[in-house]
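Right, one structure below, let's go through it.
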Amino acid sequence: MQFIKSATVVALVTMILFATSHSDSLLGFISTAQASSVDNTRSDAIVKMERLVEETDFNLADRDHFLRKQRIEHYLEQARRFDTHEWYYNRDDALERANNILSHHERMQSSTYASL
8 MQFIKSATVV
18 ALVTMILFAT
28 SHSDSLLGFI
38 STAQASSVDN
48 TRSDAIVKME
58 RLVEETDFNL
68 ADRDHFLRKQ
78 RIEHYLEQAR
88 RFDTHEWYYN
98 RDDALERANN
108 ILSHHERMQS
118 STYASL
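Heads up: the sequence shown is residues 8 to 123, going by my numbering.
See the structure below:
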């Protein structure tokens, strides 16, 4: 009987020590989760690119226009995801790809595509 009491006390003390030693990391995890949910703003470059895409005319009946718009939206989604993880190099790369597709679309629409 004495063994069960002492084993229970040792288990309780161990659990209390474990909980107190890891409380800082748990509180830090909770505070970063709250901070990320509050600070859910996108970068200005992403907002600017989204605005440009909204202002651009796409004829969705045309297959080329539809695919260009789909690819642009894909790269914008990647940029948003990279921005939330603070992977700025990857975000900028995705935004550059979206911008290249958008500028290609605008050149094709205005018929000022440079001939070789």
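Using N, Cα and C, we set each Cβ at its ideal position, and we do this for glycine too.
Mark residue i as exposed unless 16 or more other C-beta atoms lie within 10 angstroms of its C-beta, in which case mark it buried.
| i | result |
| --- | --- |
| Glu-23 | Reading off the sequence, residue 23 comes out as Ile, not Glu. Ile-23 should be labelled exposed. |
| Arg-70 | exposed |
| Asp-46 | Only weak support exists for where Asp-46 lies, its pLDDT of 48 falling under 50; the value from the coordinates is given anyway. Classification for Asp-46: exposed. |
| Met-56 | buried |
| Ile-11 | exposed |
Rounding to the nearest angstrom, what Cα-Cα distance links residue i and residue j in this structure?
| i | j | result |
| --- | --- | --- |
| Phe-65 | Met-115 | 12 angstroms |
| Leu-67 | His-112 | 13 angstroms |
| Ser-13 | Val-20 | 11 angstroms |
| His-81 | Leu-74 | 10 angstroms |
| Lys-76 | Arg-58 | 13 angstroms |
| Ser-118 | Asp-51 | 30 angstroms |
Enumerate in chain order the residues of its own chain whose CB-to-CB distance from residue i is below 8 angstroms, with the five nearest sequence positions on each side excluded.
| i | result |
| --- | --- |
| Ile-53 | Leu-83, Ala-86, Arg-87, Asp-90, Arg-98, Leu-102 |
When you compare each of the options to residue i by their alpha carbons, which one comes out closest?
| i | options | result |
| --- | --- | --- |
| His-72 | Ile-108, Arg-58, Tyr-95, Ser-50 | Ile-108 |
| Ala-105 | Thr-15, Thr-63, Phe-25, Ala-18 | Thr-63 |
| Tyr-95 | Gln-77, Gln-9, Arg-49, Val-60 | Arg-49 |
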